[in-house]
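Taking it in order: structure first as structure tokens, then the write-up.
Written as structure tokens, this is what we have:
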């Protein structure tokens with residue numbers, strides 16, 4: 001199974017701590033990643049990595065540190081590139097479903113990569129686009145497909 005990661009989950013994996021409950025989310029995201037390695041193909045949409053650059057530099061990391069962090073993360077994930085066709089589909093998604101364009105690009109790239117699930121804390125859990133379902137991996141009740149990977 002292919003699983004794509006949204007920016008916020010990648011930020012937690014990178015240790016971004018902006019709110020009191022973020023430490024728990026960082027720990028849970030890291031446990032999740034460790035448990036998924038070898039059980040699923042992990043996908044990092046290029047748009048999510050680009051957004052992560054902004055998140056990390058705003059959190060105080062230098063551009064050089066951020067570059068190294070993103071290259072390290074990318075090395076452990078399959079890519080999901082953004083092409084002009086990705087943008088066209090994302091525009092359709094954003095217009096039809098009132099999503100932010102950046103979220104629609106991530107979701108569309110995930111779908112184009114063959115990801116069954118997009119792990120995101122802030123997109124609407126359960127939303128589906130072109131064969132990919134958004135799920136919140138930090139929810140109290142995990143999606144059944146995600147939970148099945150740990151059974």
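Numbering (UniProt numbering), first residue to last: 1 to 151. All C-beta atoms, glycine included, are put in the ideal place defined by N, C-alpha and C.
Asked	Found
For residue 47, which three-state DSSP category applies?	helix
Within the chosen definition, does the segment 122 to 136 reach the segment 100 to 113 through at least 3 CB pairs nearer than 8 Å?	yes
Between the C-alpha atoms of residue 13 and residue 96, what's the straight-line distance to the nearest angstrom?	31 Å
Taking the DSSP output, what are the residues bridged to residue 37?	40
When the distance is taken between beta carbons, is residue 15 closer than 8 Å to residue 42?	no
Looking only at C-alpha atoms, which of 136, 50, 38 sits nearest to residue 67?	50
Shortest alpha-carbon distance to residue 7 belongs to which of 137, 143, 34?	137
Under 8 Å between C-beta atoms, does residue 30 make it to chain B?	Looking for chain B here will not work: only one protein chain is present.
Could you please give the first and the last residue of the uninterrupted alpha helix (DSSP H) stretch that includes residue 74?	63 to 75
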